[in-house]
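Residue numbers (the numbering used here): 71 to 206.
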């Protein structure tokens with residue numbers, strides 16, 4: 071455990087990825103089905119990266135540190151692999167030492183989209199935890 075003075079300068083990042091293959095009838099989270107999504111994934115990722123630059127990079131520049139990164143949703147594993155790779159790569163470049171230095175990097179996954187390519191990407195990018203959900 072870190073001394074209180076250092077612990078106060080750490081923060082967690084949660085990113086809501088709204089994409090799902092289908093919208094589950096019981097879900098109350100904001101989601102966008104694959105049918106509605108169209109080709110918006112690249113624009114979504116670009117907007118998230120811009121938000122990261124505006125909100126997180128200034129905190130890192132002040133000496134604060136990210137302790138955990140959580141990609142939830144929706145179903146983050148439903149993002150196209152290049153889009154997810156770009157997102158995780160941007161985060162890794164900004165965090166001193168990369169994502170491997172964080173205590174937790176979680177990505178929520180649907181078992182149907184947890185392909186070997188996805189799992190390889192997550193491991194390579196420093197994800198150390200996946201949360202599997204069984205959706206409708």
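C-beta: ideal position from N, C-alpha, C; glycine also.
With contacts defined as CB atoms closer than 8 Å, residue 164 and residue 127 qualify as a contacting pair.
Secondary structure of residue 91 (DSSP, three-state): coil. It is roughly 11 Å from the alpha-carbon of residue 167 to the alpha-carbon of residue 135. Boundaries of the alpha helix (DSSP H) harbouring residue 119: 111–125, taken from the DSSP string.
In the structure shown, residue 79 falls within a coil segment according to DSSP collapsed to helix, strand and coil.
In this chain, residue 182 is not harboured by any beta strand (DSSP E), its DSSP state being neither H nor E.
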